[in-house]
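Student: For the sequence shown, counting from 1, position 174 maps to 174 in full-length UniProt numbering; every step adds exactly one.
The C-beta atom is built at its ideal place from N, Cα and C for all residues, glycine as well.
Nothing here was measured: the structure is a model prediction, and the numbers come from that model.
Here it is: the structure, laid out below.
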Amino acid sequence: MLEFHNLFFGNSPMFDNSSILVTGGTGSFGRKFIETVLKHHKPRRVIVYSRDELKQYEMQQDFPQAEMRFFIGDVRDGERLKQATRDVDFVVHAAALKHVPAAEYNPGECIRTNVGGAENVIAAALANGVKKVVALSTDKAASPINLYGATKLLSDKLFVAANNTVGKQNTRFAVVRYGNVVGSRGSVVPFFRKLIADGAKELPITDPRMTRFWITLPEGVNFVVKAFERMHGGELFVPKIPSALITDLATAMAPDLPHKIIGIRPGEKLHEMMISRDDSLHTLEFPDHYVITPSIRFVEGSDYACNGKQEIGKPVDEGFKYVSDSNPWFLNTEEIRTLSSYIA
1 MLEFHNLFFG NSPMFDNSSI LVTGGTGSFG RKFIETVLKH HKPRRVIVYS RDELKQYEMQ
61 QDFPQAEMRF FIGDVRDGER LKQATRDVDF VVHAAALKHV PAAEYNPGEC IRTNVGGAEN
121 VIAAALANGV KKVVALSTDK AASPINLYGA TKLLSDKLFV AANNTVGKQN TRFAVVRYGN
181 VVGSRGSVVP FFRKLIADGA KELPITDPRM TRFWITLPEG VNFVVKAFER MHGGELFVPK
241 IPSALITDLA TAMAPDLPHK IIGIRPGEKL HEMMISRDDS LHTLEFPDHY VITPSIRFVE
301 GSDYACNGKQ EIGKPVDEGF KYVSDSNPWF LNTEEIRTLS SYIA
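See the structure below:
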């Protein structure tokens with residue numbers, strides 16, 4: 001039986017009477033994060049920062065609360081970000097160009113958004129004395145082979161290193177890295193569902209050996225909320241989540257449909273990695289997650305083995321790696337069926 005762990009969000013006072021900004025706030029993660037914050041906390045302001053006015057208009061209809069604010073802006077625009085982060089306490093950086101093949105064909109655009117945008121978020125946070133920033137990453141940033149993953153690795157490095165530039169300020173930066181989000185826009189579950197609903201005679205499979213990490217949207221949001229509570233600054237947080245074969249996912253969703261092998265798309269891996277062997281030297285294991293600690297040493301330093309929630313971690317074995325095909329937590333078809341129906 002698949003159990004979604006740690007989905008109790010609690011009522012931590014951290015976000016109460018605070019101002020929170022979410023870049024890319026109209027996306028799947030941003031909407032769920034904001035819904036969660038408004039339900040379980042009492043923020044003073046929640047600011048959506050994104051560049052699509054139509055999505056913002058639609059989101060305003062779903063979130064009419066007085067605390068909501070909507071800023072049209074691009075993370076490429078540093079000055080606009082500085083305006084948006086005035087009097088902001090917490091920033092979630094979720095904006096990115098994420099489509100792997102599109103990034104391969106449009107590398108400059110991906111770099112300007114994912115790398116230049118990260119630099120702009122950091123500069124804006126420092127300029128306005130933001131308390132904490134959590135940036136969203138991806139498993140594709142570990143030992144990347146595609147441009148999207150490479151840009152997110154650079155982004156991760158920028159946010160971690162930013163803790164070394166804060167001086168006497170209290171601003172702190174951390175990163176959250178996880179795998180495929182079930183039901184997010186552009187993910188395979190809604191894609192397969194549409195094909196099935198449209199009467200497809202077969203489901204396309206890139207490679208029958210392919211595996212992926214999976215996390216539900218509520219789990220991802222909860223993990224980010226907890227990262228704000230856990231962080232000292234400089235951590236890269238990785239949740240313990242299950243893996244599944246893409247063929248098993250297709251079979252679980254449509255047992256009677258055959259599979260058509262179409263080949264791996266540009267920039268795709270057979271298996272995804274969240275922690276490499278080289279990272280094992282800096283990795284701590286906690287009950288439900290891992291933390292990759294910074295290789296550089298900040299001026300003040302931190303005891304990363306004891307986080308802000310007083311959870312205790314221990315070093316992993318040298319040579320440890322966290323890869324989707326060797327993950328000890330693999331889903332069977334019934335668990336996949338439960339997961340694929342859990343679209344929140």
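For Met14, which residues in the same chain have their Cβ closer than 7 Å to its Cβ, ignoring the five residues on either side in sequence?
Tutor: Here residue 14 corresponds to residue number 14 of the sequence shown, with the count starting at 1. The answer, listed in chain order, is Phe228, Glu229.
Student: Would you report the Cα separation of Asn128 and Val134, rounded to the nearest angstrom?
Tutor: Against the sequence shown, residue 128 aligns to sequence position 128. Against the sequence shown, residue 134 aligns to sequence position 134. Cα-Cα distance, rounded: 16 Å.
Student: Any chance the CB of Lys98 is under 7 Å from a heavy atom of the ligand ZN?
Tutor: What this structure holds is no ligand at all, so the ligand ZN is not there to describe.
Student: Please list, in chain order, all residues of the same chain as Met68 whose beta carbon is under 6 Å from its beta carbon, the five residues on each side excluded.
Tutor: Numbered from 1 along the sequence shown, position 68 holds the residue referred to as residue 68. Closer than 6 Å at Cβ, skipping near neighbours: Val46.
Student: State the start and end residues of the unbroken alpha helix (DSSP H) segment that holds Thr216.
Tutor: Counted from its first residue, the sequence shown places residue 216 at position 216. Looking at the DSSP string, Thr216 is not in any alpha helix (DSSP H); the run it does join, the beta strand (DSSP E), is 211-216.
Student: Report the option in Asp303, Tyr49, Pro190, Ile34 whose CA atom is closest to the CA atom of Thr283.
Tutor: Translated into the one-based positions of the sequence shown, residue 283 becomes position 283. Considering only alpha carbons, the answer is Asp303.
Student: Asp16 to Pro218, Cα distance in whole Å?
Tutor: For the purposes of this step, residue 16 is taken as the residue at position 16 of the sequence shown. For the purposes of this step, residue 218 is taken as the residue at position 218 of the sequence shown. Their Cα atoms are separated by approximately 20 Å.
Student: Buried or exposed: which applies to Asn170, given that a residue is buried once 16 or more other Cβ atoms fall within 10 Å of its Cβ?
Tutor: For the purposes of this step, residue 170 is taken as residue 170 along the sequence shown, with counting starting at 1. Asn170 comes out exposed.
Student: Assuming Asn71 contacts Gln60 under a Cβ cut-off of 8 Å, what Cβ separation, rounded to an integer in Å, is found between them?
Tutor: Taking the first residue of the sequence shown as position 1, residue 71 is located at position 71. Taking the first residue of the sequence shown as position 1, residue 60 is located at position 60. At residue 71 the sequence reads Phe, which differs from the Asn that was named. Actually they do not touch by this definition, with Cβ atoms about 12 Å apart.
Student: Just verifying my parser: in three-state terms, what is the DSSP assignment at Pro101?
Tutor: Position 101 of the sequence shown, counted from the start, is the residue given in the question as residue 101. Correct three-state label for Pro101: helix.
Student: For Pro239, which beta-bridge partners are listed by DSSP?
Tutor: The residue given as residue 239 occupies position 239 in the sequence shown. DSSP output for Pro239 lists His289 as bridge partner(s).
Student: What number of angstroms, rounded off, separates the C-alpha of Val188 from the C-alpha of Val238?
Tutor: Taking the sequence shown and counting its residues from 1, the one referred to as residue 188 is at position 188. Taking the sequence shown and counting its residues from 1, the one referred to as residue 238 is at position 238. Approximately 22 Å, taken between the alpha carbons.
Student: Does DSSP put Ala95 in a helix, in a strand, or in coil?
Tutor: Taking the first residue of the sequence shown as position 1, residue 95 is located at position 95. Coil.
Student: Nearest by alpha-carbon distance to Lys240: which of Ala254, Val176, His40, Lys269 is it?
Tutor: One-based indexing of the sequence shown puts residue 240 at position 240. Checked all of Ala254, Val176, His40, Lys269; the closest Cα to Lys240 is Val176.
Student: For the candidate residues Asp156, Asn164, Gly319, Asp288, whose alpha-carbon lies nearest to that of Ile215?
Tutor: Position 215 of the sequence shown holds residue 215. If we check each option's Cα against that of Ile215, Asp288 comes out closest.
Student: Could you give the residue range of the alpha helix (DSSP H) that holds Asn120?
Tutor: Here residue 120 refers to the residue found at position 120 when the sequence shown is read from its first residue. Unbroken alpha helix (DSSP H) run through Asn120: 117-127.
Student: Please determine if the region 97-115 and the region 191-204 are in contact, where contact requires at least 3 C-beta pairs separated by less than 8 Å.
Tutor: Not touching, per the Cβ criterion.
Student: In three-state DSSP terms, what is Arg86?
Tutor: Position 86 of the sequence shown holds residue 86. It is coil, neither helix nor strand.
Student: Can you list, in chain order, the stretches of the beta strand (DSSP E) that have 3 or more residues and sit fully within the region 125-150?
Tutor: Listed in chain order, they are 132-136.
Student: Between Ser28, Val130, Cys306, which has its C-alpha nearest Met231's C-alpha?
Tutor: The residue you call residue 231 lines up with position 231 of the sequence shown. Checking every option, the nearest Cα to that of Met231 belongs to Cys306.
Student: Does the region 309-323 come within contact of the region 112-131, defined as at least 3 CB pairs closer than 8 Å?
Tutor: Taking 8 Å as the limit for Cβ pairs, the verdict is that the region 112-131 does not touch the region 309-323.
Student: Using a Cβ-Cβ cut-off of 7 Å (strictly less than) and excluding sequence neighbours within five positions of Arg212, which residues of its own chain qualify?
Tutor: As a position in the sequence shown, residue 212 is number 212, starting the count at 1. So the list reads Gly179, Asn180, Ser243, Ala244, Ile246, Glu272, Ser324, once near-sequence residues are dropped.
Student: Quick one: residues in its chain with C-beta nearer than 8 Å to the C-beta of Pro328, no 5 flanking neighbours on either side, listed in chain order?
Tutor: On the sequence shown, residue 328 is found 328 positions in, with the first residue counted as 1. There are no such residues.
Student: Within the same chain, show all residues whose beta-carbon is closer than 6 Å to that of Asn120, passing over the 5 residues directly before and after it, in chain order.
Tutor: Numbered from its first residue, the sequence shown carries residue 120 at position 120. Cβ within range, chain order: Val75, Gly78, Leu81.
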